[in-house]
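Going by the working numbering, the first residue of the sequence shown is number 1, and it counts up by one from there. Virtual Cβ for every residue (Gly too), placed ideally from N, Cα, C. In this text the structure is predicted, and so the values were computed from the model without any measurement.
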Amino acid sequence: MKNLPQFIAVLVLNLFLGSLYAWSIVARALEAEMGMGRAAASSIFSLATFCFVLSMLFAPRCYGRLKPNHLAFATAAMAASGLMLAALATGLPLLLLGYGVLFGLANGVGYGLSLQVTSQVAPRQRGLAVGSVVAAYAGGAIIAAPLLSWAAAAWGIGTTLVMLASCFVVLAVFCPSLLRASRATGQAPAERPSNRETHWFGRTFLLLWAGYALGASAGLMMIGHAAALVEEVEGRSELIVLGASLVAGGNWLGRFGAGWASDHVAVQRVLSAALLLNIAALTLVLIVASPGSVLVALTLVGIGYGILAAGYPIAVGRYYDPSQVGAIYGKLFTAWGVAGIAGPWIAGRIFEVAGSYGNALFLAAGATGVALVMTLLLPQSSRLA
1 MKNLPQFIAV LVLNLFLGSL YAWSIVARAL EAEMGMGRAA ASSIFSLATF CFVLSMLFAP
61 RCYGRLKPNH LAFATAAMAA SGLMLAALAT GLPLLLLGYG VLFGLANGVG YGLSLQVTSQ
121 VAPRQRGLAV GSVVAAYAGG AIIAAPLLSW AAAAWGIGTT LVMLASCFVV LAVFCPSLLR
181 ASRATGQAPA ERPSNRETHW FGRTFLLLWA GYALGASAGL MMIGHAAALV EEVEGRSELI
241 VLGASLVAGG NWLGRFGAGW ASDHVAVQRV LSAALLLNIA ALTLVLIVAS PGSVLVALTL
301 VGIGYGILAA GYPIAVGRYY DPSQVGAIYG KLFTAWGVAG IAGPWIAGRI FEVAGSYGNA
361 LFLAAGATGV ALVMTLLLPQ SSRLA
C-alpha cells in the first residue's frame with residue numbers, strides 16, 4: 001500500500017476520535033453524578049455534532065495551506081483540551097464548551113483530514129480504504145463503551161475524561177510523526193465551479209443530502225440513546241452496556257462492509273440496502289418491545305448506519321472527481337449535522353414528554369422511508385464531474 005505510515009496515522013487517530021460515539025455511556029454517568037436531565041445531556045452531544053459538521057465544512061480550506069502533520073497535531077491537542085475542560089466541569093456550560101465545542105471540532109478536523117489523506121493511499125481500492133478508515137472511527141466506540149463504563153463506575157466521569165484526554169496527548173506526538181515521515185501532501189484541489197452538479201442545488205447533490213440527513217437520523221438517535229433504550233425495556237445493567245457496544249459493533253461492521261461492497265456493487269444499491277435494514281430494525285422494536293428485540297435492533301441499525309456513514313463519502317467519489325471528495329463531502333456532511341442535532345435532541349424531548357421512545361422510533365422509521373425514496377432516485381453509476 002502506498003504511504004502505509006500515513007494510513008496508520010489516520011487509522012489510529014480515527015480510532016480514538018470514535019470515542020465520541022460512546023456518548024450514551026458518558027451521558028448516563030453525567031445524569032447519575034450531576035443530576036442532569038435527559039434533554040440537557042443530549043444537548044451536549046447535539047452541539048458536538050454541530051461543531052463536527054462546522055469543522056468538516058471549512059477544513060478543506062486548510063488542506064492546501066497546512067501540512068497533514070500540523071493538522072493532526074491540532075486535532076489531538078484540541079481533543080485533549082476539550083476533554084480536560086469537560087473533566088473539570090461542575091455544570092452544563094463547561095461541558096458544552098469542552099466536550100461539545102472543542103471535542104466536536106477536533107472530530108471534524110480529524111475525520112475530514114482522514115478522508116482526504118486516504119484518497120491518496122489506495123486509488124484502485126478507494127472504497128475499501130475509505131471503509132477501513134471510517135470503520136476505525138466506529139471501532140473506537142466499541143472499545144470505548146465498556147472501558148468508559150468501567151472507569152466511570154470506578155473513579156467517576158471526571159477522572160475518566162482526564163484519562164481519555166491523556167490518550168490524545170500521546171497522539172499529538174505519534175500521529176504527526178507518521179504523517180511527516182510519509183510526506184503526504186494532504187492538499188485538496190479546488191472544486192471546479194463549471195459543473196452545476198457540484199453546487200449546493202445540483203439535483204444529485206440534493207438527493208444525496210436529503211437521503212443522508214433523513215437516513216442518518218435513525219442511527220444517530222439510537223447511538224445517542226442506546227443505553228436508555230435498553231433501560232426502558234427493563235434491561236439489566238450488563239445489557240445496557242452490551243446495547244451500546246452492539247450498536248457500535250454494527251456501526252463498525254457496516255462501515256467496513258460498505259467499503260468492500262462499493263468496490264463491487266453500485267453504491268446506490270449499497271445505500272438502499274442500508275436504509276431497508278434500518279426500517280426493518282425500527283419496525284421490530286415498535287412491534288416487539290423486549291430487551292432481546294432492542295439489542296437485535298440496535299445491532300441492525302448500527303450496521304445500517306455504518307453503511308451510510310461509509311457509503312456517502314464513497315458515493316461522492318463515484319459521482320464526482322476523486323480530487324473533489326474533501327470539498328464536496330464537507331458540504332454533504334452538513335446533512336449528517338442536521339440529523340445529529342435533531343435526532344438525539346428530539347428523541348430526548350419526546351421521552352421527557354411521553355415517558356417512552358415509541359413516538360421517536362415511529363418518526364425515525366418514517367424519515368428513513370423518505371430517505372429510501374431519495375436514494376432510489378440517484379443515478380445508477382455515473383461520474384458527474
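Straight-line Cα distance separating residue j from residue i
i, j, result
"Leu11", "Thr118", "9 Å"
"Arg269", "Gly243", "28 Å"
"His70", "Leu239", "41 Å"
"Ile157", "Ala141", "16 Å"
"Ala129", "Asp321", "17 Å"
"Gln6", "Leu97", "31 Å"
"Ile346", "Ala22", "19 Å"
"Val316", "Ala364", "25 Å"
"Val230", "Leu66", "44 Å"
"Ala77", "Pro93", "21 Å"
"Met36", "Val26", "12 Å"
"Gly355", "Leu300", "24 Å"
"Ala135", "Ala280", "23 Å"
"Leu271", "Arg203", "17 Å"
"Gln380", "Leu47", "35 Å"
"Leu390", "Leu20", "The shown model of the chain, from 1 to 385, leaves out residue 390, and the question about it has no answer."
"His264", "Leu30", "44 Å"
"Gly360", "Leu308", "A quick correction: the sequence has Ala, not Gly, at residue 360. Each residue's Cα considered, the two are about 20 Å apart."
"Asn251", "Cys62", "29 Å"
"Arg318", "Val353", "43 Å"
"Ala266", "Thr375", "12 Å"
"Ala154", "Ser24", "17 Å"
"Ala32", "Leu102", "24 Å"
"Leu295", "Met34", "28 Å"
Cβ neighbours of residue i in the same chain (closer than 6 Å, five flanking residues each side left out)
i, result
"Ala335", "Trp209, Tyr212, Ala213"
"Arg192", "In this prediction, Arg192 scores a pLDDT of 43, lower than 50, which makes its location untrustworthy; the coordinate-derived value is nonetheless stated afterwards. Taken in chain order, the list of residues that qualify is empty."
"Ala151", "Thr160"
"Val169", "Ala80"
"Gly112", "Met56, Ala59"
"Gly304", "Ala274, Leu277, Asn278"
"Ala106", "Thr75, Met78, Ala79"
"Gly100", "Ile44, Leu47, Ala48"
"His225", "Ala347"
Alpha helix (DSSP H) segment containing residue i, residue limits
i, result
"Ser55", "38-58"
"Phe7", "4-17"
"Gln380", "Looking at the DSSP string, Gln380 is not in any alpha helix (DSSP H), and its letter there is neither H nor E."
"Gln116", "104-118"
"Gln268", "267-287"
"Leu207", "203-224"
"Gly82", "68-88"
"Gly24", "In the sequence on display, residue 24 carries Ser and not Gly. First-last of the alpha helix (DSSP H) with Ser24: 23-34."
"Arg65", "Looking at the DSSP string, Arg65 is not in any alpha helix (DSSP H), and its letter there is neither H nor E."
"Gly317", "291-319"
"Leu96", "Looking at the DSSP string, Leu96 is not in any alpha helix (DSSP H), and its letter there is neither H nor E."
"Val325", "325-354"
CB-CB length for residue i against residue j, believed under 8 Å
i, j, result
"Gly348", "Ser42", "4 Å"
"Gly302", "Gly249", "7 Å"
"Val241", "Pro146", "6 Å"
"Ala138", "Gly306", "6 Å"
"Glu232", "Tyr312", "The Cβ separation is near 30 Å, so there is no contact."
Cβ-heavy atom distance, residue i to the ligand ZN, below 7 Å
i, result
"Leu96", "Among the ligands in the structure shown, none appear at all, so the ligand ZN cannot be discussed."
Check whether residue i and residue j have beta carbons under 8 Å apart
i, j, result
"Gly215", "Thr368", "yes"
"Ser217", "Gly127", "no"
"Leu164", "Ala9", "no"
"Cys175", "Ala72", "yes"
"Gly110", "Thr49", "no"
"Leu275", "Ala371", "yes"
"Leu284", "Ala273", "no"
"Phe52", "Gly108", "yes"
"Phe362", "Arg38", "no"
"Leu207", "Leu377", "yes"
"Ser114", "Val133", "yes"
"Leu171", "Leu4", "no"
"Gln116", "Val325", "yes"
Sequence-distant residues of its chain with Cβ nearer than 7 Å to residue i (five each side left out)
i, result
"Leu220", "Ala339, Gly340, Gly343, Pro344"
"Leu95", "Ile44, Ala86, Ala89"
"Arg28", "Ala227"
"Val162", "Met84, Ala87"
"Ser290", "Val233"
"Ala40", "Leu92"
"Ser245", "Ile142, Ala145, Pro146"
Residues near residue i in its chain [Cβ-Cβ closer than 8 Å; skip 5 each side]
i, result
"Gly131", "Arg255, Phe256, Gly257, Ala258, Gly259, Trp260, Ser262, Ala310, Ile314"
"Gly366", "none"
"Leu15", "Ala136, Tyr137, Gly139, Gly140, Ile143"
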